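Residue numbers (the working numbering): 1 to 146. To keep things clear, I will list the structure first and then write my remarks on it.
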């Protein structure tokens with residue numbers, strides 16, 4: 001039930017800014033990703049997951065779906081890592097926590113610190129299924145603090 005609440009809160013938080021939630025296709029996998037300031041999360045959701053609400057903190061959310069048979073099903077990563085590098089070259093490792101809702105929804109979330117107008121180049125790497133090469137996702141996003 002908590003995961004449903006978090007998923008709904010994250011979805012609602014992303015709705016106002018379409019650029020906040022994105023997806024990319026890698027072979028038959030679809031990787032959905034987004035990053036938002038944690039101040040956009042409802043207080044009860046942040047509290048239940050131990051997420052610190054602050055305009056100077058952000059949340060990375062990653063979901064991997066397998067579309068092999070035409071039906072997109074959530075994929076549990078064997079290993080997943082994420083990092084964010086700002087434009088001055090400082091790299092931050094983002095610890096990702098797996099949220100697994102009985103294999104109906106599997107996603108990975110992690111918090112990190114941001115400054116006003118700071119831009120990050122994100123790299124997410126995931127080993128999935130029996131795939132030899134890991135899935136690698138790269139994207140850039142700028143953050144604004146209040």
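In this text, a Cβ means the ideal position worked out from N, Cα and C, and glycines have one as well. Bear in mind that the values here come from a model prediction, so they are computed numbers and not experimental data.
Is residue i a contact residue of the ligand SAM, with contact defined as CB to any heavy atom under 7 Å?
{"i": "residue 59", "result": "With respect to the ligand SAM, the structure offers nothing, as it holds no ligand at all."}
Report back the beta-carbon spacing between residue i and residue j to the nearest angstrom; my notes put them in contact at under 8 Å.
{"i": "residue 52", "j": "residue 34", "result": "The pair is not a contact, with the Cβ atoms about 18 Å apart (cut-off 8 Å)."}
{"i": "residue 64", "j": "residue 84", "result": "The Cβ separation is near 19 Å, so there is no contact."}
{"i": "residue 116", "j": "residue 145", "result": "4 Å"}
Identify the continuous beta strand (DSSP E) that holds residue i and give its terminal residues.
{"i": "residue 124", "result": "118-128"}
{"i": "residue 144", "result": "Element bounds for residue 144: n/a, residue is neither H nor E."}
{"i": "residue 70", "result": "Premise fails: residue 70 is in no beta strand (DSSP E) and is neither H nor E."}
{"i": "residue 113", "result": "105-113"}
{"i": "residue 85", "result": "77-86"}
{"i": "residue 93", "result": "91-94"}
{"i": "residue 30", "result": "29-37"}
Check each candidate in the options and name the one with the smallest Cα separation from residue i.
{"i": "residue 67", "options": "25, 58, 83 and 100", "result": "25"}
{"i": "residue 29", "options": "84, 127 and 82", "result": "127"}
{"i": "residue 72", "options": "111, 43 and 32", "result": "32"}
{"i": "residue 102", "options": "88, 110, 74 and 129", "result": "74"}
{"i": "residue 98", "options": "134, 110 and 89", "result": "110"}
{"i": "residue 55", "options": "133, 134 and 39", "result": "39"}
Below 8 Å between beta carbons: does that hold for residue i and residue j?
{"i": "residue 108", "j": "residue 80", "result": "yes"}
{"i": "residue 143", "j": "residue 61", "result": "no"}
{"i": "residue 82", "j": "residue 59", "result": "no"}
{"i": "residue 86", "j": "residue 47", "result": "no"}
{"i": "residue 124", "j": "residue 57", "result": "no"}
{"i": "residue 138", "j": "residue 112", "result": "no"}
{"i": "residue 100", "j": "residue 106", "result": "yes"}
Tell me where the alpha helix (DSSP H) around residue i begins and ends.
{"i": "residue 44", "result": "43-49"}
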